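Here the structure is laid out as structure tokens; the discussion comes afterwards.
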Amino acid sequence: MFPADPLAAVTHPDPYPYYAALARGRPLYREPALGLWIACHPDAIRAVMGHPAARVRPADAPVPPALCPGPAGTLFGRFVRMNDGAAHARAKALLADFIQEQGARPSPPAWPEAGPPHAAAVDRYLAAAPVHAQAAFLGLPPALHADCAADIGAFISALPGTAGSAQAAAAHAAAERLQFRLESHLLAPQAAPALRRLREAGERAGLAPALLAANLAGLLFQSCEAGAGLLGNALVLAGRRGVRGPVTDADAQALVDEVLRKDPPVHNTRRFLAAGIETGGQRIEAGQTVLLVLAAAAMAEPEAGWPFGALGHACPGAGLARRHAASALAHLLRAGADAPALAARFRYRPLPNARVPQFDFPEDNTP
Ligand code: HEM
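If you count by numbering that gives the first Met the number 0, then the sequence shown holds residues 0 to 366, one letter each, in order.
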């Protein structure tokens, strides 16, 4: 049976026939039950993404109010992902150049626990491994990788509207540490050449080190949930194929790339209209939110890279994410993760955009 709507599709066992039908038959429509406009066809998504009135944050809440004022709100407000216009374009170009230059392949993140990886340990690894890998890529000392993963976890926990004041307090403390850590790293006299060039390019472009450092923390942040989904869905695919024990790097990469085509981790993103727009023969008023169903667009254009977004805000970490997920998958399988057993019992985390499997949950909680 088809899922009820595109938000329910994210955690549906097999939403892909539904996504294909949406892309074919409902390019752009309003879903009153969700209070959202929904764009499903690639042309409709590109039209919204490319419109200057379609913003990545609501005009009246550039930063989630629960994070303001405080270090977590300041950090969030500095991320390229959360900004539009000239400020976004300048910082995005420098970050993309930095990723390109830094380029070297990191070693796989260390397995955090002794013994064979059971379900709860795998869940923890899915969330931690992408941040460990990204911290290694940034050249942070290994002793700080686990701290970075814990701080990104605390920061992310405060983002849902349901988070309370304890989570906000933990996110502020985590954000302060992340900002300090990345700024010290960026400004260190012995910083790697790519970081030094980022610093110099920032000076020329008038971008403060604090903003660049926040965006290095932003790379850790962006890698986390989507990376967990990519790795987790690849592990499920491996399990369904009966893969057990060590795999070659090439086999791990092939599984990750197949999952990107067939079961991607990010199903949708949003744009918030700062002014009314006319698109696809419809009028969408100022203040409305459009859900861009990337996973539907990918059914219509499988080779267009939709799992990593498109146009100005497209993911600059796509290549890294693919390599890091493959290394982490190979590592998990070598460490003894029983992929077929894990794939036989899991559910998806109840997230609105990302498809992230969860292997450890109480029996009576099975959806
Ligand atoms: C190494 C790990 C990753 C890093 C460092 C990273 C970094 C980023 C950054 C900085 C942005 C914001 C770009 C901008 O606003 O201009 C972004 C956007 C995006 N990323 Fe990634 N990312 C990673 C992994 C992933 C993965 C695994 C996926 C899914 C397959 C993904 C999908 C996306 C999408 C769809 C967007 C666009 C969001 C939108 O347009 O609203 N990313 N990423």
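Ideal Cβ positions, reconstructed from N, Cα and C, are used throughout, including at glycine.
Note that the structure is a prediction, hence the values are computed from the model and not measured.
Can you round the beta-carbon distance between ALA148 and LEU185 to whole angstroms, since I take them to be within the 8 Å contact cut?
So it is not a contact: roughly 19 Å between Cβ atoms.
Just checking ALA56 against the ligand HEM - is the residue's beta carbon closer than 7 Å to any of the ligand's heavy atoms?
Looking at the sequence itself, residue 56 is Arg, so the reference to Ala does not match. No, the beta carbon of ARG56 sits no closer than 7 Å to any heavy atom of the ligand HEM.
For SER326, is the classification buried or exposed, using 16 other Cβ atoms within 10 angstroms of its Cβ as the cut-off for buried?
buried
Whole angstroms is fine: what's the gap from PHE307's alpha carbon to LEU74's?
23 Å
Is the beta carbon of LEU319 closer than 8 Å to that of ALA237?
no
Confirm, please, whether the CB-CB distance from GLY163 to ALA324 is below 8 Å.
no
Quick check on the DSSP output: the beta strand (DSSP E) that includes PHE353 runs from which residue to which?
According to the sequence shown, residue 353 is Ala rather than Phe. Neither: ALA353 is in no beta strand (DSSP E) and is coded neither H nor E.
Can LEU341 and GLY201 be called in contact, C-beta distance under 8 Å?
no
Classify VAL121 as helix, strand or coil using the three-state DSSP reduction.
helix
Assuming LEU27 is part of the beta strand (DSSP E), what are its boundary residues?
27-30
Taking all protein chains shown into account, do 16 or more other C-beta atoms lie within 10 angstroms of the C-beta of ARG56, making it buried, or fewer, making it exposed?
buried
According to DSSP, is VAL130 part of a helix, a strand, or is it coil?
helix
For THR288, three-class secondary structure by DSSP
strand
When the distance is taken between beta carbons, is VAL9 closer than 8 Å to LEU350?
yes
State the Cα-Cα distance for the pair PRO159 and VAL355, rounded to the nearest angstrom.
16 Å
Residue nearest to ASP42 in terms of C-alpha spacing, selected from ARG54, ARG23, ALA58
ARG23
Close beta carbons around GLN221, own chain, < 7 Å, minus the five adjacent residues each side
ARG80, GLY316
Can you name the start and end residues of the beta strand (DSSP E) that GLN101 belongs to?
Run containing GLN101: none in the beta strand (DSSP E); it sits in the alpha helix (DSSP H), 84-101.
Examine the ligand HEM and report whether any of its heavy atoms sits within less than 7 Å of the Cβ of VAL265.
yes
Going by alpha carbons, who is nearest to TYR18 out of LEU35, PRO31, ASP248, MET0?
MET0
CA-CA distance, THR365 and ARG346?
Residue confidence is low: THR365 scores 49 on pLDDT, short of 50, so the model does not pin down where it sits. No coordinate-derived value is stated.
Use the C-beta contact count for GLU224: other C-beta atoms within 10 angstroms, 16 or more gives buried, fewer gives exposed.
buried
With H, G and I counted as helix, E and B as strand and the rest as coil, what does DSSP make of VAL9?
coil
Please state if the CB of PHE271 and the CB of ALA58 are separated by a distance shorter than 8 Å.
yes
Which whole-angstrom value describes the C-beta separation of ALA126 and GLY152, a residue pair presumed to lie in contact below a C-beta threshold of 8 Å?
6 Å
Cα-Cα separation between VAL292 and ASP256, rounded to whole angstroms:
20 Å
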